[in-house]
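If you're matching them up, the sequences are chains A and B in order.
The letter at position 170 of the first sequence is residue 170 when you use this note's numbering, and the numbering goes up by one with no holes.
The letter at position 243 of the second sequence is residue 243 when you use this note's numbering, and the numbering goes up by one with no holes.
Here is the structure we will look at, set down as structure tokens.
Number of protein chains: 2
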Amino acid sequence: MSPARSSVEQQAVEARRAAAELRIAPDELRRAALLAIAASIRARSSRILEANARDLDALAGRSAAFRDRLTLTAPRVAALARAVEEIAGLPDPVGRVLDVRTRPNGMEVRRVRVPIGVIAMVYESRPNVTVDAAGLCLRAGNAVLLRGGAESVHSDQALLEAIHEGLRTAGLPPAAATLLARRDYDAIRELVGLRGLVDLVIPRGGEALIALVSEHARVPVLKHERGVTHVFVDRAADPEMAIRIVVNAKTNRPSTCNALETALVDAPIAPRLLPPLVAALRAAGVEVRGCPVTRRLAADVAPATDDDWSAEYLDLILSVRVVDGLDEAIAHIRAYSTALADAIVTEDAARAERFVREVDSAAVLVNASTRLVDGGEFGLGAEVGISTSRLHARGPMGPDDLTTTKWIVWGSGQLRA
Amino acid sequence: MSPARSSVEQQAVEARRAAAELRIAPDELRRAALLAIAASIRARSSRILEANARDLDALAGRSAAFRDRLTLTAPRVAALARAVEEIAGLPDPVGRVLDVRTRPNGMEVRRVRVPIGVIAMVYESRPNVTVDAAGLCLRAGNAVLLRGGAESVHSDQALLEAIHEGLRTAGLPPAAATLLARRDYDAIRELVGLRGLVDLVIPRGGEALIALVSEHARVPVLKHERGVTHVFVDRAADPEMAIRIVVNAKTNRPSTCNALETALVDAPIAPRLLPPLVAALRAAGVEVRGCPVTRRLAADVAPATDDDWSAEYLDLILSVRVVDGLDEAIAHIRAYSTALADAIVTEDAARAERFVREVDSAAVLVNASTRLVDGGEFGLGAEVGISTSRLHARGPMGPDDLTTTKWIVWGSGQLRA
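Written out as structure tokens, the structure reads:
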């Protein structure tokens, strides 16, 4: 007799069974389920808000930003329902033919998109991720195991009831979206070790969470880490454009992974650029920490220490360093970037091309704000997040990235010679 | 002070440095290096054969197949050089644009192929893998860390000297292809744990080797496991085609992962099919092990036990089972297939389509031999192996699968609204 299954393993077994059904469910059924989920979220709005109030009542000792991410309001619940409707409207990636070729022996070889299977999402107390992740996984024909943060347990549970109601309405198994019953760290360790039951784990959150998943994972992982991103203002930059891009990249939404953390300024343009740049940043409420040269050229700049170059402030703080040309800028980026998004501002095409070739980040931008590195801005329809892994999916991940491929051979008796 | 680096880590650090050079090396340089490697293998043929003779002299207690895979001859060395020349002639995947779109705000977003970085290949005593893996990794701009089997140490070393000579001739760093100095299992454990230094590990070999890598890996893994593959002969099959496909899939090269291990025969066709099928298999030297129904319908069939359904014989043995229709065939495949390659033989298009949709294997074939699941046969140019992983690359892997992607944004001052 095999030993009794743990609750985590049991939930994964049920998700796997649901994935087998979902894998062959036609698009119409998955779309109908998503629309029913959206309707159910709307219908259950007050119950969802009550559950959210219980979570917020129990919350203590967390930042305003944390509380804000956990908070639902009637308009936010309506926005969740709308997001699921938008996901329902996206083209179905499943079955899409990526490649078709007829070989000399007459057999036709196709490569088509198919669901991955069971995807585990490990994230923090953000009820919107519960809904988005479930919606996107279902869109691509996957079952999803959700492990949200301990602080959002009632909100997640109320949202999951709406998701289950929608799945049942469409005749799909509720186990296609499962909330992990246990929220402790041991449950995460067990979940990410379930080879053969879980096909992929996507951690989204702080460094500690991602480190925990990476350390214990025995299944493939696509990490969504925060970013230390750079804008290099080249000597050939348009100074006004450079100031607009740096201010936008820093202040548009400082708590996101694609927000700017360090500006590098080419020495020849520094005397001209830094005084108005620092003034514009300060006017936007940004604390500037600079290298000695920056501090000599602009007023009211705090000294940057070595730690500043690798800091993810996620706040209205920017480190600024004057570098001597493209080589020094690229060397700094190689040393400190988390390779999520790095940009150059320049009017010199040859220098832009060198930057694009030599900076090995998931997204490299010329004359554009790093905040534009985003699934919606890139036109992917919806975004699972921004992958900082190199394999399978890199940068903004869309529904396509939640599929794998399958080779299909149609023959007429072909043999291997 | 940081602790002293181990030799494995030190080699990985050097490979990483080489990868940074290789990543920006133009196609001409990488092609020149491959051609110089081929020339160097030819010029050093006698030295390579001497080294191989030392390995063979030291070999004891291994199968004839093992010795054969380790053995080099003058024609085999020439074939290795030719294989590298063919790899040099393949189109360069690096820089290929997969997608380009202009967004409503005017920015152009491209997705292009870029090298993965440092790839670790962990395999057994097969000198041809040393050369193929190095050639394919270099073709796609990656540095490669090679860990061959302990029995091929002199052969691998002699081949690596030729590879290094070729790299030096083209002005590329020899550390772009590195043979792990330590061949013990602890060295593998250390190698696959080097997050930040190794980007991908590809194990090719027996179950124990792949289990070792999977258990200890802290970097992404693409497994190349052996296959338990199936051919289902449907009631609507052309019996003669079915016999040709089963015999070819079993006997064309039984030691390979895409060779057939189990034939499933639909009950209505079994009385007609099994006697000539078993006769043809026996004529080809195949031992047949069957279920009770098979044994009743055909002569000279040994009884199959439960173990036979999950066996990878890699030998002239075939298990045969009579099943009652498509549902039972698909259920058997779900239970026992390693999802590498499974085929149906049928003249009924609707039944073929259902099989293709419901069997979730890396390759699913209709009326064709499983032995055709191969990079060369599929037209990929060259093959790294057949991935049994679901993420990043699934099925026959070509040079494209040794790349990742990068997003490049060309703007004119775009900001996030």
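Cβ coordinates follow ideal geometry from the N, Cα and C atoms, glycine included.
1) Does the CB of D348(A) have a neighbour CB from chain B at under 7 Å?
2) Buried or exposed: which applies to A43(B), given that a residue is buried once 16 or more other Cβ atoms fall within 10 Å of its Cβ?
3) If we define contact as Cβ-Cβ less than 7 Å, is S7(A) a contact residue for chain B?
4) Are the C-beta atoms of G325(B) and some chain A residue less than 7 Å apart?
5) Name the chain B residues whose beta carbon is nearer than 8 Å to that of Q11(A)?
6) Based on Cα-Cα distance, which residue from A162(B), P127(B), V144(B) lies nearest to A150(B)?
7) Decide if Y313(A) is buried, meaning its Cβ has at least 16 other Cβ atoms within 10 Å, or exposed.
8) According to DSSP, what are the bridge partners of R321(A)?
9) V342(B) and H224(B): beta carbons closer than 7 Å?
10) Which residues in chain B sit within 8 Å of K406(A), going by Cβ to Cβ distance?
11) Pull up the distance between the alpha-carbon of S2(B) and that of E358(B), whole angstroms please.
12) Quick check: the Cα distance between V320(A) and C291(A), rounded to an integer number of angstroms?
13) Check this for me: beta carbons of L146(B) and T130(B), under 7 Å apart or not?
14) Provide the residue(s) that pair with W407(B) in DSSP beta bridges, ordered along the chain.
15) Let me check you understand the geometry: is the CB of G196(A) closer than 6 Å to at least one non-hydrogen atom of the ligand NAD?
16) By the three-class DSSP mapping on this structure, what secondary structure does I116(B) have?
17) Closer than 8 Å by C-beta to R221(A): which residues in its own chain qualify, once you throw out the five before and the five after it? Chain order, please.
18) Exposed or buried, what is Y185(A) when buried is set at 16 or more other beta-carbons lying within 10 Å of its beta-carbon?
19) Between which two residues does the beta strand (DSSP E) carrying R289(B) extend?
20) Would S337(B) pass as an interface residue toward chain A - the criterion being a Cβ-Cβ separation below 7 Å?
21) Indicate whether R139(A) and I87(A) have their beta-carbon atoms separated by less than 7 Å.
22) For E261(A) and I317(A), I'd like the C-alpha separation in whole angstroms.
23) Considering just the uninterrupted stretch of the beta strand (DSSP E) at T71(B), what are its terminal residues?
24) Less than 7 Å separating the beta-carbons of V198(B) and G141(B)?
25) Need the endpoints of the beta strand (DSSP E) that L136(A) sits in, please.
26) Using the beta-carbon count (16 or more within 10 Å), is G395(B) buried or exposed?
27) Hey, could you find the ends of the beta strand (DSSP E) S152(A) is sitting in?
28) Taking Cβ positions only, does A368(B) come closer than 7 Å to chain A?
29) Starting from P275(A) and walking both ways along the beta strand (DSSP E), at which residues does that stretch end?
30) At a CB-CB cut-off below 9 Å, which residues of chain A make contact with R101(B)?
31) Leaving out five residues before and five after T294(B) in sequence, what residues of the same chain have Cβ atoms less than 7 Å from its Cβ?
32) Measuring straight from C-alpha to C-alpha, what distance separates R189(B) and A187(A)?
33) Going by CA-CA distance only, name the one from P254(A), R23(A), L49(A) that's closest to A143(A).
34) In chain order, what residues of the same chain lie with their CB nearer than 7 Å to the CB of V77(A), ignoring the 5 residues before and after it?
35) Quick one: is D156(B) buried, meaning 16 or more other Cβ sit within 10 Å of its Cβ, or exposed?
36) Quick check: the stretch 237 to 244 of chain B against the stretch 399 to 415 of chain B, are there 3 or more CB pairs under 8 Å?
In short, the structure shows the following:
1) no
2) A43(B) is exposed by the Cβ-count criterion.
3) By this cut-off, S7(A) is not an interface position.
4) no
5) Neighbours of Q11(A) on chain B: none; closest Cβ ~20 Å, over 8 Å.
6) P127(B)
7) buried
8) R321(A) pairs with L264(A).
9) The sequence shown places Asp at residue 342(B), rather than the Val named in the question. The Cβ atoms of D342(B) and H224(B) lie no closer than 7 Å to each other.
10) D360, S361, A362, A363, V364, R394, G395
11) For S2(B), the pLDDT reaches just 49, beneath the cut-off of 50, and the residue's location in the model is therefore unreliable, although a value from the coordinates is still provided. If you take the alpha carbons of S2(B) and E358(B), they lie about 54 Å apart.
12) 6 Å
13) Against a cut-off of 7 Å, the Cβ pair of T130(B) and L146(B) comes out as a contact.
14) A363(A), R111(B)
15) In the structure shown, the ligand NAD is absent, as is every other ligand, since no ligand is present at all.
16) Three-state DSSP puts I116(B) in coil, outside helix and strand.
17) First, the amino acid is wrong: residue 221(A) is Val here, not Arg. Correct list, in chain order: V192, L200, V201, I202, P203, V213, S214, S389.
18) exposed
19) 287 to 290
20) Residue contact with chain A for S337(B): absent (no Cβ-Cβ distance below 7 Å to any residue of chain A).
21) yes
22) 7 Å
23) Segment: none, T71(B) is in no beta strand (DSSP E) and carries neither H nor E.
24) no
25) Note, L136(A): premise wrong, no beta strand (DSSP E); alpha helix (DSSP H) at 127 to 139.
26) buried
27) Here S152(A) belongs to no beta strand (DSSP E), and DSSP marks it neither H nor E.
28) yes
29) For P275(A), no beta strand (DSSP E) encloses it; the enclosing alpha helix (DSSP H) starts and ends at 270 to 283.
30) F378, G379
31) L274, V301, V320, R321, V322
32) 26 Å
33) R23(A)
34) I41, S45, I48, L49
35) buried
36) no
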